[in-house]
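Heads up: the structure comes next, in structure tokens.
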Amino acid sequence: GPFTFFYVKNRAIYGPGCPGTLGLTPALTIGDASVGNAAFAVGLQNALPGSPAVLGISLGAMPAPWSPCSILLDLGAPAVFLPASADAAGQASITISIPANPALHNVPFFAQWGVADPSGGFAGTVPIALSRGRTVIVW
241 GPFTFFYVKN
251 RAIYGPGCPG
261 TLGLTPALTI
271 GDASVGNAAF
281 AVGLQNALPG
291 SPAVLGISLG
301 AMPAPWSPCS
311 ILLDLGAPAV
321 FLPASADAAG
331 QASITISIPA
341 NPALHNVPFF
351 AQWGVADPSG
361 GFAGTVPIAL
371 SRGRTVIVW
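Below, the structure is given as structure tokens:
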């Protein structure tokens with residue numbers, strides 16, 4: 241009989257996150273990363289409500305192995321950091337316009353959220369909770 245294959249784009253999540261309040265690890269969500277999508281969004285869930293947050297996006301990922309509670313982006317590669325604030329539900333979203341440039345097709349980038357959280361344990365003592373890393377490929 242016929243076979244059906246399903247290809248799910250942009251589901252590559254890597255590395256450990258770093259939990260914060262109530263043991264919740266911030267989660268990174270993404271929208272449609274297609275060329276020409278002016279409304280591409282990178283979302284945050286499970287953050288401490290009302291907390292400042294930052295979305296890091298890099299053209300490189302830190303290679304494995306990863307230690308618990310670490311930055312998973314290659315900060316030596318071109319990177320950008322975008323500020324946000326979690327709402328009362330612990331969510332935030334940043335919209336990034338993807339230009340309608342065919343040269344961006346199949347270009348990968350890597351993303352991770354950081355959230356100010358007194359229960360976070362980045363670098364052992366810094367009060368920041370971190371999401372897991374996410375590989376995003378523009379298609």
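For the sequence shown, this note's numbering assigns the number 241 to the initial residue and increments by one for each residue that follows.
Note that the Cβ used here is the ideal one computed from N, Cα and C, for glycine as well.
Does the Cβ-Cβ distance between ILE270 and GLY283 come in under 9 angstroms? The count along the sequence shown starts at 1 and reaches residue 270 at position 30. The count along the sequence shown starts at 1 and reaches residue 283 at position 43. Yes; because the gap between Cβ atoms is below 9 angstroms, this pair is in contact.
Which residue marks the beginning of the beta strand (DSSP E) containing PRO259, and which one marks its end? Locating residue 259 in the sequence shown gives position 19, where the first residue counts as 1. That residue, PRO259, is in no beta strand (DSSP E); it is neither H nor E in DSSP.
For ALA363, decide whether its Cβ has a neighbour in chain B, counting only Cβ atoms nearer than 9 angstroms. Of the protein chains in this structure there is only one, and it is not chain B.
Between the alpha carbons of THR265 and PRO308, how many angstroms are there, rounded? As a first step, residue 265 is located in the sequence shown; it is residue number 25 there, counting from the start. As a first step, residue 308 is located in the sequence shown; it is residue number 68 there, counting from the start. If you take the alpha carbons of THR265 and PRO308, they lie about 12 angstroms apart.
May I ask which residues mark the beginning and end of the beta strand (DSSP E) holding PHE350? Mapped onto the sequence shown, residue 350 falls at position 110. It spans 348-356 - the beta strand (DSSP E) in which PHE350 sits, taken as one unbroken run.
Starting from GLY373, trace the beta strand (DSSP E) both ways and give me its first and last residue. If you number the sequence shown from 1, residue 373 lands on position 133. Residues 373-377.
Three-way DSSP call (helix, strand, coil) for PRO339 in this model: On the sequence shown, position 99 is the one that residue 339 refers to. Of the three classes helix, strand and coil, the one that applies to PRO339 here is coil, per DSSP.
CB-CB length for GLY300 against ASP314, believed under 8 angstroms: Residue 300 sits at position 60 when you count from the first residue of the sequence shown. Residue 314 sits at position 74 when you count from the first residue of the sequence shown. Yes, GLY300 and ASP314 are in contact; Cβ-Cβ is about 3 angstroms, under 8 angstroms.
I need the DSSP call for GLY316, collapsed to helix, strand or coil. The count along the sequence shown starts at 1 and reaches residue 316 at position 76. Residue state, collapsed to three classes: coil.
Quick check: is any heavy atom of the ligand FAD less than 8 angstroms from the C-beta of VAL366? Among the components of this structure there are no ligands whatsoever, and the ligand FAD is therefore not found.
Compare the Cα-Cα distances from VAL355 to each of PRO342, ALA278, ILE336, ILE311 and report the closest residue. The residue labelled residue 355 in the question sits at position 115 within the sequence shown. Nearest option by C-alpha distance: ILE311.
Residue interval of the beta strand (DSSP E) (run including ALA293): Within the sequence shown, the letter at position 53 stands for residue 293. Per DSSP, ALA293 belongs to the beta strand (DSSP E) from 292-298.
Would you check if the distance between the CB atom of ALA351 and the CB atom of VAL376 is smaller than 9 angstroms? Stepping through the sequence shown from its first residue, residue 351 is reached at position 111. Stepping through the sequence shown from its first residue, residue 376 is reached at position 136. Yes, these two residues count as a Cβ contact at 9 angstroms.
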